[in-house]
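K.L.:
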Amino acid sequence: MNATSTACTVCHDSNLKTVIDFGLHPPANRFMPADFSEHEQSKHPLALGYCEQCGTAQLTKRMPIEMMRPRYPWLLYNEPESHLDQIAEQLVTLPRINSASRILGVTYKDQSTVDRLAKLGLSNGVCIADTDFNSSADFFGLETIQHLLREPALIQNIKAKYGAADILLMRHVIEHSEDAAALIHALRELITDDGYLVMELPDSEKILKSGNHAFIWEEHISYFTEQTLGVLAQATGAELAWFQRCSYPYEDSLLAAFRFPSLPVERTLPEFELFDTSTLLDEFKYGLVHAKDLWRKKLVEHQANGERVAVFGAGHLAAKFINFLDLADVIHCVIDDNPNKVGMKMPGSGLPIMQSKDMAHEKIKVCISTLSPESDAKVRLNLESYFVDGGQFIPAFKVAEDPS
């Protein structure tokens with residue numbers, strides 16, 4: 375299956391229904407030098423829908439891997455970790471796990487969990503090194519790793535180097551795969567007969583219910599919920615040995631331990647009620663029109679009052695927020711203190727990226743925060759003078775209620 379295939383990531387059915395078409399967009403990691411025109415950027419269709427067979431929400435128009443691949447070595451994505459102490463404490467209690475158990479992390483994102491498990495007595499742990507993937511690309515990320523991990527020869531090389539794991543950790547990778555089921559089948563070779571594949575992935579129920587459209591991203595192919603995570607287990611012949619939901623304001627984390635019986639039985643997908651997925655996505659689609667109108671009215675009003683508006687945080691959420699809502703003409707700049715980004719221009723919109731110390735000189739009176747609540751709180755502490763002078767921070771995203 376090639377990188378642009380539009381078969382279902384879970385059940386491989388070809389009946390994917392598009393619900394919301396976002397149009398043409400550049401990769402959200404394609405930051406531009408100051409002298410580069412946004413009109414020169416390559417763009418690709420991006421659309422969201424669901425599988426009519428198994429109900430999994432996913433991209434129905436997908437960007438090729440080569441286009442998504444990063445162009446800069448400094449692009450890293452950090453996930454929330456405040457829940458990992460609790461998760462590590464639960465993992466050490468899994469049946470048949472003891473001090474001799476071998477722990478293997480699939481990427482650098484698993485190192486912090488490996489470290490926590492070591493402190494709890496599971497010291498036989500390591501993460502697969504980037505060099506083990508043997509990628510020919512100068513720079514690569516999860517978009518490349520998930521693809522390479524489905525190659526049998528690479529899996530055998532990794533197994534020869536590290537051995538089979540009793541716990542194989544994989545944080546925030548499965549949603550990046552254009553064939554999630556095939557990736558899990560491949561990774562089974564790296565797990566002992568009684569071992570576990572422990573995955574962490576974002577739960578999409580909150581973002582869909584709250585209408586946070588910027589969380590749709592070309593690098594996230596599948597948008598799982600607790601229900602469709604169960605469908606993924608069924609589709610891959612796995613038993614769900616352990617499950618945990620960790621709540622966050624915008625997007626919960628789902629954690630699951632898959633076990634694979636030594637004598638797997640033939641399984642069929644469970645009966646699935648498509649109403650939930652289709653209804654969620656329909657409401658999400660109609661919400662985009664409302665959000666565009668609401669934000670434009672709000673920002674035009676600020677402009678009319680002589681107040682310049684900036685977006686705070688030059689990440690993929692900011693890029694999608696600006697581009698999906700078509701707000702580039704009513705935003706002055708994007709603020710970010712990452713020295714690698716300062717002086718560059720945002721993907722798609724071409725808005726300049728400036729430092730927070732420039733806000734006073736640029737007369738920025740309103741900042742739309744695309745930061746996580748934790749990062750937002752830290753930034754506010756460092757911008758006391760901005761608020762004393764009458765500056766405002768308003769959240770880009772809505773907080774949804776926890777799923778019942």
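The numbering of the sequence shown is our numbering, which starts it at 375 and goes up by one. All C-beta atoms, glycine included, are put in the ideal place defined by N, C-alpha and C.
Pull up the CB-CB distance for G479 and V466, whole angstroms please, since I reckon it's below 8 Å.
P.N.:
As a first step, residue 479 must be located in the sequence shown, where it is residue number 105. As a first step, residue 466 must be located in the sequence shown, where it is residue number 92. Incorrect: roughly 16 Å between the Cβ atoms, too far for contact.
K.L.:
From the DSSP output, in three-state form, read off Y482 for me.
P.N.:
Position 108 of the sequence shown, counting from 1, holds the residue named residue 482. If DSSP states are grouped into helix, strand and coil, Y482 belongs with the helices.
K.L.:
So the candidates are G429, A539, Q464, F405; which of them puts its Cα closest to the Cα of W448?
P.N.:
Position 74 of the sequence shown, counted from the start, is the residue given in the question as residue 448. Ranking the options by Cα distance to W448, first place goes to F405.
K.L.:
Taking C-alpha atoms, which residue in A527, A408, I394, T434 lies nearest to K779?
P.N.:
Since the displayed the chain opens at 375 and closes at 778, residue 779 lies outside it and no answer follows.
K.L.:
Can you tell me the Cα-Cα spacing of K535 and I565, whole angstroms?
P.N.:
Locating residue 535 in the sequence shown gives position 161, where the first residue counts as 1. Locating residue 565 in the sequence shown gives position 191, where the first residue counts as 1. C-alpha separation (whole angstroms): 14 Å.
K.L.:
Roughly how many angstroms separate the alpha carbons of S796 and T602, rounded to a whole number?
P.N.:
Residue 796 is absent from the model: the chain starts at 375 and stops at 778.
K.L.:
Would you decide whether F617 is buried or exposed? Buried here means 16 or more other CB atoms lie within 10 Å of its CB.
P.N.:
For this step, residue 617 is matched to residue 243 along the sequence shown. Exposed, since its Cβ has fewer than 16 Cβ neighbours within 10 Å.
K.L.:
Spatial neighbours of I394 within its chain, please: C-beta separation below 6 Å, excluding the five flanking residues on both sides.
P.N.:
Reading the sequence shown from its first residue, position 20 is the one you call residue 394. So the list reads L422, K659, once near-sequence residues are dropped.
K.L.:
Does M544 come out as helix, strand or coil in the three-state DSSP assignment?
P.N.:
Position 170 of the sequence shown, counting from 1, holds the residue named residue 544. Strand.
K.L.:
Assuming V708 and A688 are in contact, meaning their beta carbons sit under 8 Å apart, how far apart are those beta carbons, in whole angstroms?
P.N.:
For the purposes of this step, residue 708 is taken as residue 334 along the sequence shown, with counting starting at 1. For the purposes of this step, residue 688 is taken as residue 314 along the sequence shown, with counting starting at 1. Their Cβ separation, rounded to whole angstroms, is 5 Å, which keeps V708 and A688 in contact under 8 Å.
K.L.:
The beta strand (DSSP E) that contains L614, what's its start and end?
P.N.:
Residue 614 sits at position 240 when you count from the first residue of the sequence shown. 613 to 620 is the span of the beta strand (DSSP E), which, as asked, contains L614.
K.L.:
Hey, could you find the ends of the beta strand (DSSP E) D568 is sitting in?
P.N.:
By 1-based counting over the sequence shown, the position of residue 568 is 194. Start and end: 565 to 576.
K.L.:
With K739 as the anchor, note down where its beta strand (DSSP E) starts and where it stops.
P.N.:
Working through the sequence shown from its first residue, we reach residue 739 at position 365. 738 to 743 is the extent of the beta strand (DSSP E) around K739.
K.L.:
DSSP three-state call for R624: helix, strand or coil?
P.N.:
Position 250 of the sequence shown, counted from the first residue, corresponds to residue 624. First, the amino acid is wrong: residue 624 is Tyr here, not Arg. Reduced to three states, the DSSP call for Y624 is coil.
K.L.:
If you count every other CB in all the chains shown that lies within 10 Å of the CB of A511, and 16 or more means buried, which is it?
P.N.:
Counting from 1 along the sequence shown, the entry for residue 511 is found at position 137. The residue is exposed, with fewer than 16 neighbouring Cβ atoms inside 10 Å.
K.L.:
Within its chain, find whatever has a CB closer than 8 Å to the CB of S411; leave out the 5 residues flanking it on each side and keep chain order.
P.N.:
For the purposes of this step, residue 411 is taken as residue 37 along the sequence shown, with counting starting at 1. Answer for S411: G724, listed in chain order.
K.L.:
Any contact between the segment 571 to 588 and the segment 521 to 533? By contact I mean 3 or more CB pairs, one from each, below 8 Å.
P.N.:
no
K.L.:
Just tell me which of L543, Y760, P747 has its CA closest to the CA of E736.
P.N.:
Working through the sequence shown from its first residue, we reach residue 736 at position 362. Of all alpha-carbon atoms in L543, Y760, P747, the one lying nearest the alpha-carbon of E736 is that of Y760.
K.L.:
Classify K483: buried if its beta carbon has 16 or more other beta carbons within 10 angstroms, exposed otherwise.
P.N.:
Within the sequence shown, residue 483 is the residue found at index 109, counting from 1. K483 comes out buried.
K.L.:
Which residue's Cα is closest to the Cα of P713: L398, E675, Q729?
P.N.:
Position 339 of the sequence shown, counting from 1, holds the residue named residue 713. The shortest Cα separation from P713 among L398, E675, Q729 belongs to Q729.
K.L.:
Less than 8 Å between the CB atoms is what I'm expecting for L606 and F686, so what's the real figure, rounded?
P.N.:
The count along the sequence shown starts at 1 and reaches residue 606 at position 232. The count along the sequence shown starts at 1 and reaches residue 686 at position 312. Contact check for L606 and F686: beta-carbon distance about 35 Å, past the 8 Å limit, so the pair fails to qualify.
K.L.:
With a CB to CB cut of under 7 Å and the five nearest residues on each side skipped, what residues in its chain are close to S473?
P.N.:
Numbered from 1 along the sequence shown, position 99 holds the residue referred to as residue 473. So the qualifying residues of the chain are G495, L496.
K.L.:
In chain order, what residues of the same chain lie with their CB nearer than 7 Å to the CB of V704, ignoring the 5 residues before and after it?
P.N.:
For the purposes of this step, residue 704 is taken as the residue at position 330 of the sequence shown. R670, L673, V674, Q677, V683, listed in sequence order.
K.L.:
Ends of the beta strand (DSSP E) at I709?
P.N.:
For this step, residue 709 is matched to residue 335 along the sequence shown. Element bounds for I709: 707 to 709.
K.L.:
Which class does K533 belong to by DSSP, given the choice of helix, strand or coil?
P.N.:
Within the sequence shown, numbered from 1, the residue matching residue 533 stands at position 159. It is helical.
K.L.:
Pull the bridge partners of Q432 from the DSSP assignment, please.
P.N.:
On the sequence shown, residue 432 is found 58 positions in, with the first residue counted as 1. BP columns for Q432 point to G423, S596.
K.L.:
Which same chain residues end up closer than 7 Å to A554 when comparing Cβ atoms and leaving out the 5 residues on each side of it in sequence?
P.N.:
Along the sequence shown, one-based indexing puts residue 554 at 180. Cβ neighbours of A554 beyond the five flanking positions: T383, V384, I548, S596, L606.
K.L.:
Compare the Cα-Cα distances from A692 to each of R470, N679, P454, I727 and report the closest residue.
P.N.:
Working through the sequence shown from its first residue, we reach residue 692 at position 318. Proximity to A692 across R470, N679, P454, I727 peaks at I727, based on C-alpha coordinates.
K.L.:
Should S621 be labelled buried (16 or more other beta-carbon atoms within 10 Å of its own) or exposed?
P.N.:
The residue given as residue 621 occupies position 247 in the sequence shown. That one is exposed.
K.L.:
Take K666 as the anchor and find which of T430, A630, A588, D506 has the nearest alpha-carbon.
P.N.:
Against the sequence shown, residue 666 aligns to sequence position 292. That would be A588, whose Cα lies nearest to the Cα of K666.
K.L.:
Where does G499 land, buried or exposed, given buried means 16+ other C-beta within 10 angstroms?
P.N.:
Stepping through the sequence shown from its first residue, residue 499 is reached at position 125. Using a 10 angstroms sphere on the CB of G499, the tally of other CB atoms reaches 16 or more, which defines it as buried.
K.L.:
Would you check if the distance between the CB atom of E370 and the CB atom of L628 is smaller than 8 Å?
P.N.:
Lying outside 375 to 778, the shown extent of the chain, residue 370 is not represented and no answer is given.
K.L.:
Quick one: Cα of G515 to Cα of N679, how far?
P.N.:
On the sequence shown, position 141 is the one that residue 515 refers to. On the sequence shown, position 305 is the one that residue 679 refers to. Computed Cα separation, rounded: 43 Å.
K.L.:
Which term fits K391, buried or exposed, when burial requires 16 or more other beta carbons within 10 angstroms of its beta carbon?
P.N.:
Residue mapping note: residue 391 aligns to position 17 of the sequence shown, counting from 1. Exposed: under 16 other Cβ atoms inside 10 Å.
K.L.:
Counting C-beta neighbours from all protein chains within 10 Å, is the total for Q460 16 or more, i.e. buried, or is it exposed?
P.N.:
If you number the sequence shown from 1, residue 460 lands on position 86. Result: exposed.
K.L.:
How many Å lie between R524 and L582 at the Cα?
P.N.:
On the sequence shown, position 150 is the one that residue 524 refers to. On the sequence shown, position 208 is the one that residue 582 refers to. Spanning the two alpha carbons is a distance of roughly 30 Å.
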